[in-house]
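Shown next, in structure tokens, is the structure this report addresses.
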Amino acid sequence: MGQLLLVRHGQASWGADDYDVLSETGWHQSRLLGKALAARGIVPDVVVMGGMRRHRETAEACLGELGGPSVPRVDPGWDEFDHVAMLEAHPAAFGDRKPTRAEFQEWFESATDRWTGGKYDGDYDESFTAFTDRVGAALRRTAEGVGSGTAIVFSSGGPVSWATASLLADERAAAGRLWRKLNPVCVNSGVTRLITGRRGTTMVSFNEHHHLDGVPDVLTYR
Numbered sequence: 014m015g016q017l018l019l020v021r022h023g024q025a026s027w028g029a030d031d032y033d034v035l036s037e038t039g040w041h042q043s044r045l046l047g048k049a050l051a052a053r054g055i056v057p058d059v060v061v062m063g064g065m066r067r068h069r070e071t072a073e074a075c076l077g078e079l080g081g082p083s084v085p086r087v088d089p090g091w092d093e094f095d096h097v098a099m100l101e102a103h104p105a106a107f108g109d110r111k112p113t114r115a116e117f118q119e120w121f122e123s124a125t126d127r128w129t130g131g132k133y134d135g136d137y138d139e140s141f142t143a144f145t146d147r148v149g150a151a152l153r154r155t156a157e158g159v160g161s162g163t164a165i166v167f168s169s170g171g172p173v174s175w176a177t178a179s180l181l182a183d184e185r186a187a188a189g190r191l192w193r194k195l196n197p198v199c200v201n202s203g204v205t206r207l208i209t210g211r212r213g214t215t216m217v218s219f220n221e222h223h224h225l226d227g228v229p230d231v232l233t234y235r
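When we follow my numbering, the leftmost residue of the sequence shown carries the number 14, and every step to the right adds one.
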């Protein structure tokens, strides 16, 4: 029986010119995770990461404390969906002025509804269906490649949430609804544990973040 540890990246630089860079908090979260995994005796046989900078930096910080394969394998199937393109396809009601936090959250949720609904798939370079198919294929590749060992996957909240939803729900529509609930609560550097065996791939835990307990100002969702 093998196991997959799906890691959401550390906090990125929300609101900065380049979002795809870990913040100082993100680096700290990722190092804390590496120390916690090392304390549990985790020795990864396989390390996979998405193709984004925040995935690479999270892997670098975590593995610096943990050790593991010196060159993680890059699989773009674990990349996050393009939230910028998703928002641009659904113009904001507040126009060009800087939104309040509440206004931005309302816009993001409305844009996500539009993207996941399927009616406007032609407006996106990657529809929600295409995104979930891509992540599902990455999950299968990783599960098939781990054998009886341990794989750590450095990814994002969207792919981790879809991997979880697809394993829990009986059909795609239900998985999509579940994904909408799971994705917003993914903690930066949180860990979702899957096991592989005769029954296929099964979720054991979602969004573990005990490594952040008791550390001031490190629990973040965005």
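All residues carry an ideal CB built from backbone N, CA and C; glycine is no exception. In this text the structure is predicted, and so the values were computed from the model without any measurement.
Pairwise C-alpha distance: residue j and residue i
{"i": "threonine 71", "j": "serine 43", "result": "6 Å"}
{"i": "tyrosine 234", "j": "glutamate 93", "result": "15 Å"}
{"i": "serine 36", "j": "valine 59", "result": "26 Å"}
{"i": "threonine 145", "j": "alanine 186", "result": "12 Å"}
{"i": "threonine 214", "j": "alanine 49", "result": "24 Å"}
{"i": "alanine 176", "j": "alanine 115", "result": "28 Å"}
{"i": "leucine 46", "j": "glutamate 73", "result": "12 Å"}
{"i": "proline 229", "j": "glutamine 118", "result": "25 Å"}
{"i": "leucine 18", "j": "arginine 206", "result": "5 Å"}
{"i": "arginine 147", "j": "alanine 106", "result": "31 Å"}
{"i": "phenylalanine 141", "j": "tryptophan 128", "result": "6 Å"}
{"i": "glycine 189", "j": "aspartate 88", "result": "23 Å"}
{"i": "leucine 76", "j": "serine 169", "result": "17 Å"}
{"i": "arginine 66", "j": "asparagine 220", "result": "21 Å"}
Cutoff 6 Å; reference residue i; Cβ partners in own chain excluding five residues on either side
{"i": "proline 57", "result": "Gly81, Thr163, Ile165"}
{"i": "threonine 124", "result": "Here the sequence assigns alanine to residue 124, which means threonine is not the residue at that position. So the qualifying residues of the chain are Met99, Leu100, His103."}
{"i": "phenylalanine 167", "result": "Val20, Met62, His68, Thr71, Ala72"}
{"i": "leucine 152", "result": "Ala176"}
{"i": "histidine 224", "result": "Leu45, Leu46, Ala49"}
Own chain partners of residue i with C-beta closer than 8 Å, once the 5 adjacent residues on each side are dropped
{"i": "histidine 222", "result": "Val200, Ser202, Gly203, Val204, Leu232"}
{"i": "aspartate 138", "result": "Asp95, Ala98"}
Beta carbon of residue i nearer than 8 Å to that of residue j
{"i": "tryptophan 40", "j": "glycine 64", "result": "no"}
{"i": "threonine 155", "j": "valine 84", "result": "no"}
{"i": "tryptophan 91", "j": "proline 172", "result": "yes"}
{"i": "glycine 210", "j": "methionine 14", "result": "yes"}
{"i": "leucine 195", "j": "alanine 178", "result": "yes"}
{"i": "leucine 180", "j": "methionine 216", "result": "yes"}
Residue i in three-state terms, based on DSSP
{"i": "arginine 67", "result": "helix"}
{"i": "asparagine 196", "result": "helix"}
{"i": "glycine 54", "result": "coil"}
{"i": "glutamine 24", "result": "coil"}
{"i": "phenylalanine 107", "result": "coil"}
{"i": "leucine 35", "result": "strand"}
{"i": "valine 87", "result": "strand"}
Sheet register partners of residue i (DSSP bridge)
{"i": "leucine 180", "result": "Answer is none; leucine 180 lacks a bridge partner."}
{"i": "leucine 79", "result": "Looking at the DSSP assignment, leucine 79 forms no beta bridge with any residue, so it has no partner."}
{"i": "valine 217", "result": "DSSP output for valine 217 lists no bridge partner at all."}
{"i": "alanine 164", "result": "Leu17, Val59"}
{"i": "glycine 210", "result": "Gly213"}
{"i": "valine 204", "result": "Val20, Glu221"}
Close beta carbons around residue i, own chain, < 7 Å, minus the five adjacent residues each side
{"i": "glutamate 78", "result": "Arg44, Gly47, Lys48, Ala51"}
{"i": "glycine 149", "result": "Ser179"}
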